[in-house]
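Trainee: Residue numbers (my numbering), protein chains in the order written: chain A, 2 to 472; chain B, 15 to 339; chain C, 1200 to 1918.
Below are the structure tokens for one structure; questions will follow.
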Amino acid sequence: MSIQPTFLITDLLFFALTISLIAFVFVVRKRPHLSRPWSQVLKSTTGSVSLMILLFYYAIALVDSVHFHPRVAQATESQYQYSSEVHSLLDVLMTPMRSRMEKTFSAPLATHSFAKEMMQNEAGQLQRDYPRLNYGGAHLAQPEDQKAADIISISLQASAQALFYWALIWLFMLWLYSQRNNQGLATLLANVLKAKTTYPLRAIAITSAVLMLLTVVSMQLGQHYHLFGTDKVGQDVFYQAVKSVRTGILIGVLTTLITLPLAILLGALAGFFRGWVDDVIQYIYTTLNSIPHVLLIAAAVLLLQVYMSGHADDFDSLTERADLRLLFLCLILGITSWTGLCRLLRAETFKLREMEYIQAAEAFGVSKFKILMRHVMPNFMHIVIISVVLDFSGLVLAEAVLSYINIGVDPSMNSWGNMINQARLEMARDPIVWWSLSAAFVFMFTLVLFANLFADVVRDALDPRVVRGEQ
Amino acid sequence: MSAYIIRRMLYAIPILIGINLITFVLFFVVNSPDDMALMQLGSKHTTELQIEDWKRERGYHLPLLYNAEQSGLAAVTETIFYQKSAKLFVFDFGSSDSGRDIGYDISQRMWPSLALAIPTLLVGLLVTITLALTIAFFRGTYIDYWAVIICVALISISSLFYIIGGQFLIGKLLKIVPISGFDTGLHALKFMILPVLIGIVGGIGSNTRWYRTIFLEEINKDYVRTARSKGLSEQMVLFKHVLRNALIPILTGVVVVLPLLFMGSLLTENFFGIPGLGSYTIDAINRQDFAIVRAMVFLGSVLYIIGLVLTDISYTLVDPRIRLS
Amino acid sequence: MTVRKISLALCCTGFFAFLVACSDQGLNNPYRDNDSASSIIYSSFSERPKELDPVKSYNAGEYEFIAQIYEPPLQYHFLKRPYQLVPLAATRMPEKQFFDATGALLPEDVDPKQVAYTEYTVTIQSGIRYQPHPAFSKDAAGEFHYHQLTPADLQNINKLADFESVASRILTAEDYVYQIKRLAHPNLHSPLAGLLSNYIRGFKDYRSDVLTQLDRQETWLDLRQIAMSGVEVLDQQRYQIRVEGVYPQFIYWLSMPFFAPIPWEADRFYSQQGMAERNISFDWYPVGTGPYMLTENNPNLRMVLSKNPNFHGELYPTEGEPGDAERGLLQDAGKPLPFVDRIEFSLEKESIPYWNKFLQGYYDTSGISSDSFDQSVELNSRGEFGLSDEMIERDIKMSSAVATSLYYLGFNMLDPVIGGDSERARLLRRAISIAVDYDEFISIFRNGRGEPAQGPIPPGIFGFEEGQAGINPYVYDWQKGSLKRKSIQQAKQILTDAGYANGIDQESGKPLILYFDTVSRGADSKALLNWMVKQFAKLDIQLVIRTTDGNRFMDKLDKGTFQIYQLGWNADYPDPENFFFLLYGPNSMALSKGQNYSNYQNPNYDRLFDKMKAMENSPERLRIIREMNAIVRADAPWVWSFYPKQYSLNHAWYQNVKPNLMANNTFKYRRVDAAKRAQMRKEWNDAVLWPVYALFLLLLLSIVPAIISYRKRELARGL
């Protein structure tokens, strides 16, 4: 075997989460009263488009979570040696971009370095000029004349490919659909084009076309150029930005996941049993909530550093250390954010408890535990979901700020916060190095924007009390 | 009323004790004073003896919770817990690990933080309420639709970008205001423009959207319909009824953050070199000055609790229906 | 509402118009307008100084302030190179006499082994006066005004300026002795105490003497009453220091603020109850005799040094290095110092605003960070650094100097794999020395601002040799008059000889994994660590990076539980001893808590070190240094990384600038052409206001569709 699979703690949690999400989808599909609000989400154009984009990000994160040690090339046949480095499936997919290091900065799609260097020209004289890049546009003999044409032709070819496969897939899917519903393919197509389907198929199709185009074109261009340029040590910025997706997504989802059980359990207990249980739980979350979050996080991360350096031998590689720090950051972010949800759930349980059916169940002597599990919890799940979705974007943004104060994820980890933190210093250059900052901005903004839009749609669908503009 | 306030205050005491315990555990049990000494003294020519001296001078040589060498009350008071943590209750912050008086520093640095936070809050409130009311006026039209989209887009931009972008554009390219710095008195004005502007722009997205929701909630209430059916013009309805009633949730939302204004803004102050409490905190984190971080954690918590009490009181003031229970 | 918006827009426009009208210096001037024409130096600091007390202060940032205020007996000559000590407060260089154990005077050229102690006699100038300070103030009866303050007296006192009456006093030799005693004071934690207790006679005992006295007495301890056996006041102008054995480097310490005078009155004054709580202490208000005094101390914002009215006067040096006259550095020769009335330091934490303010003319001088490098500097066709056109257009001048510092990648010599005296480990270290390509490092991370190091001695220090004579033959070849790093193939061959062919340990068959411990938390660290891993990968060695915080890192060094680390060293004084001692066996970290973090032990080297240390610079000393260099190059306990180069940019109006890496008290030589500065600032800071107006116009225009739709709706309602 040429690889040795390895699982980081966050990978395992992430897979577990993914599996439970899929299970959740199946459960919901079977129950009409649960699936109704979700189908409402999917029926809205904003909802389904945002969901698609979020799923796209999620898929990148998932691919980036399959980790392994590659085999060391020079090891003998009989004895496999594995590198201590950890790679992911995404690294393999993006191989040329990962390994193609330039010397230092270069602009997006450039063929020459951003900084001048001493070189010998053909006449043998020393002169100072912009050197050619090792990889960016290296296949061109006359980059000045050929570059534009080359980029256009690669993009066009890639677009054609992308659109061809896209059309093929969609036609196939629509054909399947028409077969099942006994509908003519032509009518269905017409309906899609006129946006007359129940679900906004046209918007979904367009979104998928855009995503496919962007993916294929950027991957194809990335084979020959640095799409977003290179950073100070010549690393591909596009690669970094894509690798940061996993960090962003993980911070967004794991944080809530880790502390969700705590919030649900304590919230339900406090609201259900009242009395001293309520007092204690209220006391805990008020106390935690009173401490300024940034400071609590700072204190906890400082402590983690102390712990990790005290137990340095427990962590084999930089990746594992970074991973543990990420997990810990999720944990501590979770501790600072579960209190809000807990308070909401407590209030909701309070209300539910007064409901007649629960009073009745109690009168029939159903055990308290059963009432909690069967009657209370399912009825406040919509609040949990809304809160998870709403928190997501805030957490992604928080990562950037925390990294700036040096209490975010490990500096060795790819993350938008670290990218911004590094790129910020480059703004003083003239001409300025804008691409690192822009790449981080574009990737992060897209994720957060669609997460926010999705959250709005979900809230509208799930929360019966919401105001929906003018009636 | 005063009985209620006193009761609320008393309720805050166990919370403060809890916070105190948490910070104590975080800062003394997990981290040893030896680490702090080495950090502060530096590594050039440092000896064991110096570390001992350093700890003695700052009182870190004492045992954590119980001093077996002392008898009676002193066994409890001659400990790190009593000397360092319990004293926070009377706002005796002691001195920082580098030897400065924290209380004095806080009293000095509070003012720049306030000078930045108060105009940001007030002007921001004015701007966002105006915008939200305008959007509410055009509810249901394309203006409303796009305004909400723009708000969501504004929320989705990291605050770091606002600061970096603002400094670059206005400070460097346009040269309208000094890029960073601060001064005392009226001279501070020119330094405040940019950070305040960035603070306001950064808050427009979320606040406008939130206020719009509040306004729409009010608009859909029965009394508004009554007012409209009386033949009042739309402007009159909005200004006289909706605005006045919506201000209650808006202002009580503001009251809770009022005390926290003292703490300053971590990012803005650091980027612009404003000597407030925010940059004080960041410095302390970066220097790992645990005494200051501990003091700031406690101060922040106290201010937050004050905010909660103020909110409760303001609720009862504006809405007599809420009973003081 | 529209009316309101329009009026808001008008208000804002009016406000900007007002701003434009009332400022003749550009809207973005961070200083008060009325200062623009005065003779002020504008500088900055990035972190509040921790200590301003000369007994504790030990870093460049703090010296920037206190070196202008305190005057130790000696200083470095401003212009001459190599660095040369000259008298500052002293009238001449200290006299040195050797004595044996019985106290008999020995001749000057005696063998160092016979010397029991050396006696230095320092004579200071007469008539030097302290800056005005309340501690000196006396009433008509000759009693000190402020030495017996009660809590009631301090009621309305918050800063030093709140004391109304100030006075001065003549400097005496006793003040210098007083400070030396303070260095030994156990409660003051002087960073030098450990070192000096090995050298100054009676320094160690003094500590315990003070401790016993402290137990007896609560209030201020008059150190004049407790004698230190090795330090003695001879008369008003002279004092003596007895140093164990021969330690020629001792006089370098006499140029540092550690040996500045402290008047006992000030110590008495600051030690009163209630002063420390008000931050009235040596840490906030230094008391010196130098050209400047600290008049504003607001470390959150600004520190201001102003001319000391009592300054005794000093003249600009009349001779310098060849070429200094051409550079205009001798134009002010013989003129009385200082030239500038005030020095303003502003707090500037972030590098971007700092650099931009420099370009706008609001700072007089700037270092070149690696990010602003390309903008400011260009290599010319001969491969030398020159200023870029943009900088030349602004009439900015550049000065550069190779710092007397060294960065190195150290190996732990106690480690079983990488350390030790075995040939195998030595070859491994040499292979790594070649593979870790610091030439590339300098060009990527420092934009060429550095020189690849060839050994422990940086340029500017006695014993450094240029050219072929000075190269490290284990890493470099000398080809056609320039350095050439050995190829990676050669490194691989050495590695194979060491028994690690292709990075696989031939004995165990396992791949070689090495650990690199580092403190890296900043934004740049990731790139740096990636680079480091890449270097080792060239030899197929896997490098595992362990990042820790500062504490733990020092702890690891302390215990010797590490393999590879990276550190730097700044010279305390320009003598090779200050670098070689980092590899001196008895100075090992694990054994004796010294600064030899690599725990390098080589009896030959140690013997040579002892000999070299006691010598004055001479051809014989150079011979020994060469021998020592050869030993450490062969053993390779460190990868000699690079000697950093410092570049600084200065505006044309900022004159008499010559980088001096040893002297810190150079502000007194500076001259500022304030009129030119005011004019340039005005020229460079024309605010671009049209986008603001455009924005308002856009806002106004955006109201139009709103009005239209409003009208439509009103109309619809009406129907």
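Ideal Cβ positions, reconstructed from N, Cα and C, are used throughout, including at glycine.
(1) Cβ of A:Pro293 less than 8 Å from any chain B Cβ?
(2) Which residues in chain C have a C-beta closer than 9 Å to the C-beta of A:Lys371? List them in chain order.
(3) May I ask you to report which of helix, strand or coil DSSP gives B:Phe276?
(4) Tell me whether C:Phe1752 is buried or exposed, calling it buried when 16 or more other Cβ atoms sit within 10 Å of its Cβ.
(5) List the DSSP bridge partners of C:Leu1305.
(6) Using only the alpha-carbon positions, how far apart do A:Leu215 and C:Phe1866 sit?
(7) Just mark C:Ala1339 as buried or exposed, buried being the case when its beta carbon has 16 or more other beta carbons within 10 Å.
(8) For chain A, check one thing: does any of its Cβ atoms lie closer than 8 Å to the Cβ of B:Gly108?
(9) Taking contact to mean at least 3 C-beta pairs separated by less than 8 Å, is the segment 1612-1625 of chain C in contact with the segment 1881-1893 of chain C?
(10) When you compare only the Cα positions, how much space is there between A:Asn415 and A:Ala163?
(11) Kindly indicate if chain B contains any beta-carbon less than 8 Å away from that of A:Met420.
(12) Beta carbons nearer than 8 Å to chain A: which residues of the segment 1539-1559 of chain C have them?
(13) Output the distance between the C-alpha atoms of C:Leu1251 and C:Ile1265, rounded to the nearest integer angstrom.
(14) Taking only runs of the beta strand (DSSP E) that begin and end inside the segment 1585-1673 of chain C, which ones reach a length of at least 3 residues, in chain order?
(15) Which residues, in order along the segment 1867-1894 of chain C, keep a beta-carbon less than 8 Å from a beta-carbon of chain B?
(16) Find out if the Cβ-Cβ distance for the pair A:Tyr178, A:Ser49 is shorter than 8 Å.
(17) For C:Ile1323, which of C:Lys1792, C:Met1502, C:Gln1313 and C:Gln1435 has the nearest alpha-carbon?
(18) When the cut-off is 8 Å and only beta carbons count, does A:Phe446 lie next to chain B?
(19) So, for C:Pro1390: in the same chain, excluding its five sequence neighbours on each side, which residues have a beta-carbon less than 8 Å away from its beta-carbon?
(20) Determine the burial state of B:Lys101: buried for a count of at least 16 other Cβ atoms within 10 Å of its Cβ, exposed for fewer.
(21) Helix, strand or coil: which one does DSSP assign to C:Trp1677?
(22) To which residues does DSSP link A:Pro71 through a beta bridge?
(23) Is the separation between the beta-carbon of C:Ile1399 and that of C:Val1365 shorter than 8 Å?
(24) Tell me, to the nearest whole angstrom, how far the beta carbon of A:Phe451 is from that of A:Ile54; I am working on the premise that it is less than 8 Å.
(25) What residues from chain A crowd round B:Ser194, counting only those whose CB sits closer than 8 Å?
(26) Let's see if you can read the secondary structure: which residues bound the beta strand (DSSP E) around B:Met23?
(27) I'd like the ranges of any alpha helix (DSSP H) spanning at least 4 consecutive residues and lying wholly in the segment 196-268 of chain B.
(28) For C:Gly1566, which residues in the same chain have their Cβ closer than 6 Å to its Cβ, ignoring the five residues on either side in sequence?
(29) Give the residues of chain C in contact with B:Phe285, contact being defined as C-beta atoms less than 7 Å apart.
(30) For C:Pro1710, write down the residues that DSSP places opposite it in a beta bridge.
(31) Any C-beta of chain C sitting closer than 8 Å to the C-beta of B:His75?
(32) Sort A:Val26, A:Ser45 and A:His68 by Cα distance to A:Gln11 and report the nearest one.
(33) Would you report the Cα separation of C:Asp1638 and C:Gln1692, rounded to the nearest angstrom?
(34) If we count the other Cβ atoms within 10 Å of its Cβ and call it buried at 16 or more, is B:Arg308 buried or exposed?
(35) Run through DSSP, which three-state label would A:Phe229 get?
(36) When we look at the beta-carbon of C:Gln1530 and count the other beta-carbons within 10 Å, is it buried (16 or more) or exposed?
Mentor: For this structure:
(1) yes
(2) Those within 9 Å of A:Lys371 in chain C number zero; the least Cβ separation is about 50 Å.
(3) helix
(4) buried
(5) C:Phe1297
(6) 58 Å
(7) exposed
(8) no
(9) no
(10) 28 Å
(11) no
(12) Ser1550, Ile1551, Trp1554 and Asn1555
(13) 6 Å
(14) 1596-1601, 1604-1610 and 1649-1651
(15) Asn1884, Asp1885, Ala1886, Val1887, Leu1888, Pro1890 and Val1891
(16) no
(17) C:Gln1435
(18) yes
(19) Lys1255 and Tyr1257
(20) exposed
(21) strand
(22) A:Ile4
(23) no
(24) 5 Å
(25) Result: empty, since nearest Cβ-Cβ is about 13 Å, beyond 8 Å.
(26) First-last for B:Met23: Ser16 to Phe38, but that is the alpha helix (DSSP H), not the beta strand (DSSP E).
(27) 203-233 and 236-243
(28) Ser1847
(29) Glu1549
(30) C:Ile1703
(31) no
(32) In the sequence on display, residue 11 of chain A carries Thr and not Gln. That would be A:His68, whose Cα lies nearest to the Cα of A:Thr11.
(33) 21 Å
(34) buried
(35) coil
(36) exposed
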